[in-house]
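Reviewing the structure listed below.
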Amino acid sequence: MRLDLSHIQRWIKPGSRVLDLGCGDGVFLEFLRDQRQVIGTGLEIDQDYITAAIARGLNVVEQNMDEGLGNFPDQSFDTVVLALALQAVHYPDRVLEEMLRIGRECIVTFPNFGHWRCRLMLGIRGRMPVSGFMPYTWYNTPNIHFCTVKDFENLCRDKGIRILARDVVGSTKRQTLLFDKWPNLFATTAIYHITR
Amino acid sequence: MSAPTQSRSVGIVVPQVAHFDEPLDLTCGRQLPSYDLVYETYGELNAQRSNAVLICHALSGNHHAAGYHSADDKKPGWWDECIGPGKPIDTTRFFVVCLNNLGGCHGSTGPSSINPATGKPWGPSFPSIRTRDWVLSQARLADYLGIDCWAAVVGGSLGGMQAMRWSLEFPQRIRHCIVIAAALKLSAQNLAFNEVARQAIESDPDYASGHYQEQNTVPARGLALARMIGHITYLSDDAMANKFGRDLRSGSLGRGETANAEFQVQSYLRYQGSQFSGHFDANTYILMTRALDYFDLALEYDNDPVAAFRHARCSFLVISFSTDWRFAPERSQEIVNALLAAERPVTYAEIEANEGHDAFLMPIPRYLDVFSAYMLRVGENR
């Protein structure tokens, strides 16, 4: 399982209701269902992913979150997950507000644009960062709203969003002191557990 | 090559008739003392009786959903694209039941049947039938076949409305509800089209106020016209443009042409109309359009579809088609949103398709993929 997903599953209570925004092929919801008896719903727009998730026996709704999530009632899920998709939506702040309306708790993961490699590429080479983790070039990337760990925490402060926990992942599985001390420099993926 | 040799066909099928003597209390307040339901089955019912799938037909459908009635049948059943070995509703795994609904004209008791009380055809005096009456009669058929709980109840268009009604009327007897190109209720535009269709039939002198059978006439012109109107609404603008464009069948639009030109689309519609009027009963058409008009899923739940769906216990698959303007994707989204708000398990896909409402009968690759993937889940009892 993708590293950010294996990190966030421990924040999800067994038997709870989970909405996974951008659920992909459903591998995470399948894991939560089989290991934690979670009642999951996925949102997805990619046709092949939708079929794959249905074949796993998951509930998947074809819906573009950029066009709103108003059809989901207030506080209708225990946890709303947005994994590595915040940077790809048109209005990240609005999506966050909607997630917090729909879910009692939310989990957000995103690629940290403040990572030292990104800084090096932009600062020294003067080019937009491209890596194995973010393999797109600037003109064809679906990632249109990059942010850093600091940026995200500023947004949470401005919006009155409470950060219950923060976790960071580097390019290797090995947790090092560097992540904890300077997450904005060493985290490739930032993981937040938030609520109102 | 004769059709039944195709490996993905259920082959030759034989319709069967179930007779019911227990009176059926109808929503309109009247009672049918006894009735017949004609049906077909494909595949085998397993030992646990857990693999039965009910197919509900749409406005002009019947019990012949798949396979062929004889070796020289040219066309298979109406949903052969989706029912058969290796198809979405895989008959190697499921026991499939499809019936002609009450009020129909393909063998089940309806307006063209003899009213035992008078010895004459029921005609226009046949009781008005609602979707919930169909569901009740289908439940009687399930009892007759020894099926306690359907693995899935499946339907497109008016069939989807029956499937939804099943989920509310018999929540403990349905595990999955598959609703394709349907709506919670008809829009005013939809009601209007149905009224024009009925007026077309009723204004045909041969309709004789519905007593055409006794007078040995058939309101063929009115019925053909009704079908033509319906047919236009089942196709999209694009589908008609692709199929016919402005192609002429005869004549020309050049100067000096005195005779009328005929467009391909004209002759196509006339052909569809005359084919239909040759084998469909006018009173049944009126009865079916009224059942469609009167369907309103949430009417008896304070007009709240969320409150209605809270009674359901099954999982739902909802499918819509991008160019369907008779039952547009927005109508399916209303179903999905009500299910989400009622916290019912729901899966939704909107299929890109040029074919309009008729797309639900077509072998569109993504449609078949989504349908097949969901039926895997139905088969695995998840």
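Protein sequences, first through last, are from chains A and G. According to the numbering used here, the first sequence is numbered sequentially starting from 1. According to the numbering used here, the second sequence is numbered sequentially starting from 197. Glycine included, each C-beta is placed from N, C-alpha and C at the ideal position. Please read these numbers as outputs of a predicted model, since none were measured by experiment.
With a threshold of 7 angstroms on Cβ separation, who are the neighbours of residue i within its own chain once the five nearest residues in sequence on each side are excluded?
i: Arg17 (chain A); result: Ile39, Phe77, Asp78
i: Ala85 (chain A); result: Leu21, Gly22
i: Asp167 (chain A); result: His7, Ile191
i: Ala248 (chain G); result: Leu241, Phe291, Val293, Ile343, Trp346, Ala347
i: Trp362 (chain G); result: Val331, Val349, Ile370, Cys373
Would you tell me roughly how many angstroms separate the C-alpha atoms of residue i and residue j, rounded to the nearest one?
i: Trp138 (chain A); j: Met128 (chain A); result: 7 angstroms
i: Met484 (chain G); j: Gly306 (chain G); result: 11 angstroms
i: Ala83 (chain A); j: Phe366 (chain G); result: 39 angstroms
i: Ala487 (chain G); j: Ile325 (chain G); result: 6 angstroms
i: Ala549 (chain G); j: Gly114 (chain A); result: 43 angstroms
i: Pro501 (chain G); j: His90 (chain A); result: 31 angstroms
i: Ala199 (chain G); j: Ala313 (chain G); result: For Ala199 (chain G), the pLDDT reaches just 49, beneath the cut-off of 50, and the residue's location in the model is therefore unreliable, leaving the point undetermined.
i: Ala165 (chain A); j: Gly132 (chain A); result: 27 angstroms
i: Gly126 (chain A); j: Arg119 (chain A); result: 9 angstroms
i: Gly441 (chain G); j: His507 (chain G); result: 47 angstroms
i: Phe216 (chain G); j: Ile251 (chain G); result: 20 angstroms
i: Glu496 (chain G); j: Asp565 (chain G); result: 36 angstroms
i: Pro525 (chain G); j: Phe512 (chain G); result: 16 angstroms
i: Ile163 (chain A); j: Arg117 (chain A); result: 26 angstroms
i: Leu536 (chain G); j: Thr41 (chain A); result: 9 angstroms
i: Glu105 (chain A); j: Arg56 (chain A); result: 25 angstroms
i: Thr223 (chain G); j: Asp498 (chain G); result: 18 angstroms
i: Arg509 (chain G); j: Leu493 (chain G); result: 16 angstroms
If you follow the beta strand (DSSP E) that residue i is in, where does it begin and where does it stop?
i: His372 (chain G); result: 372-376
i: Leu380 (chain G); result: Taken as a continuous stretch (DSSP letters only), Leu380 (chain G) belongs to no beta strand (DSSP E), as it is neither H nor E.
i: Cys294 (chain G); result: 291-295
i: Asn59 (chain A); result: 59-62
State yes or no: is the C-beta of residue i within less than 8 angstroms of the C-beta of residue j?
i: Ala457 (chain G); j: Leu449 (chain G); result: yes
i: Leu341 (chain G); j: Val293 (chain G); result: yes
i: Ser256 (chain G); j: Asn577 (chain G); result: no
i: Thr327 (chain G); j: Gln358 (chain G); result: yes
i: Ala422 (chain G); j: Leu354 (chain G); result: no
i: Ala396 (chain G); j: Ile425 (chain G); result: yes
i: Ile285 (chain G); j: Met571 (chain G); result: yes
i: Thr109 (chain A); j: Asp4 (chain A); result: yes
i: Ser473 (chain G); j: Leu419 (chain G); result: yes
i: Val81 (chain A); j: Val542 (chain G); result: no
i: Ile102 (chain A); j: Leu19 (chain A); result: yes
i: Lys381 (chain G); j: Phe491 (chain G); result: yes
i: Trp330 (chain G); j: Asn297 (chain G); result: yes
i: Val206 (chain G); j: Gly263 (chain G); result: yes
i: Ile482 (chain G); j: Arg371 (chain G); result: no
i: Gln87 (chain A); j: Cys156 (chain A); result: no
i: Arg527 (chain G); j: Phe505 (chain G); result: no
i: Phe523 (chain G); j: Ala378 (chain G); result: yes
Let me check understanding here. Comparing Cα to Cα, which of the options lies closest to residue i?
i: Ser304 (chain G); options: G:Glu530, G:Gln471, G:Pro211, G:Leu421; result: G:Pro211
i: Asn64 (chain A); options: A:Glu44, A:Glu30, A:Leu82; result: A:Glu44
i: Phe517 (chain G); options: G:Gly447, G:Gly418, G:Gln471, G:Pro561; result: G:Pro561
i: Trp521 (chain G); options: G:Pro541, G:Gly552, G:Glu539, G:Gly406; result: G:Gly552
i: Ala53 (chain A); options: A:Pro14, A:Glu30, A:Phe186; result: A:Glu30
i: Gly170 (chain A); options: A:Gly123, A:Lys159, A:Pro111, A:Ile124; result: A:Pro111
i: Tyr235 (chain G); options: G:His259, G:Cys252, G:Cys224; result: G:His259
i: Asn71 (chain A); options: G:Ala534, G:Asp554, G:Ala569; result: G:Ala534
i: Asp34 (chain A); options: A:Gln47, A:Gly15, A:Gly42, A:Asp48; result: A:Gly15
i: His267 (chain G); options: G:Val209, G:Phe389, G:Phe567; result: Strictly speaking, residue 267 (chain G) in this sequence is Ala, with His absent from that position. Here the closest residue by C-alpha is G:Val209.
i: Arg573 (chain G); options: A:Gln47, A:Gln37, A:Asn59, A:Lys13; result: A:Asn59
i: Asp554 (chain G); options: G:Cys510, G:Ala435, G:Ala243, G:Thr237; result: G:Ala435
i: Ile547 (chain G); options: A:Leu177, A:Thr188, A:Thr51; result: A:Thr51
Leaving out the 5 sequence neighbours to the left and right, which residues in its chain are closer than 8 angstroms to residue i when beta-carbon positions are compared?
i: Met197 (chain G); result: The predicted position of Met197 (chain G) is uncertain, since its pLDDT is 41 and thus under 50; no value can be drawn from it.
i: Thr201 (chain G); result: Note on Thr201 (chain G): pLDDT 48, under 50, position unreliable in the model; no value is reported.
i: Leu444 (chain G); result: Ala457, Glu458, Phe459, Gln460
i: Glu97 (chain A); result: Lys159
Let's see if you can read the secondary structure: which residues bound the alpha helix (DSSP H) around residue i?
i: Pro92 (chain A); result: 92-102
i: Ala504 (chain G); result: 501-505
i: Leu164 (chain A); result: From DSSP, Leu164 (chain A) is part of no alpha helix (DSSP H) but of the beta strand (DSSP E) over 162-169.
i: Tyr235 (chain G); result: It is not in any alpha helix (DSSP H) - Tyr235 (chain G) instead sits in the beta strand (DSSP E) that spans 231-238.
i: Thr480 (chain G); result: 478-490
i: Ala384 (chain G); result: 384-398
Among the residues of its own chain, which have a CB less than 6 angstroms from the CB of residue i, if the five just before and after it don't count?
i: Ile376 (chain G); result: Gly352, Gly356, Ile515, Phe556
i: Asn311 (chain G); result: Trp318
i: Cys278 (chain G); result: Pro284, Ile285
i: Arg226 (chain G); result: Pro323
Kindly indicate if chain D contains any beta-carbon less than 8 angstroms away from that of residue i.
i: Ile50 (chain A); result: Of the chains in the structure shown, none is chain D; the protein chains are A and G.
Report yes if the C-beta of residue i is less than 7 angstroms from at least one heavy atom of the ligand MG; otherwise report no.
i: Ser203 (chain G); result: Of ligands this structure carries none, so the ligand MG is not represented either.
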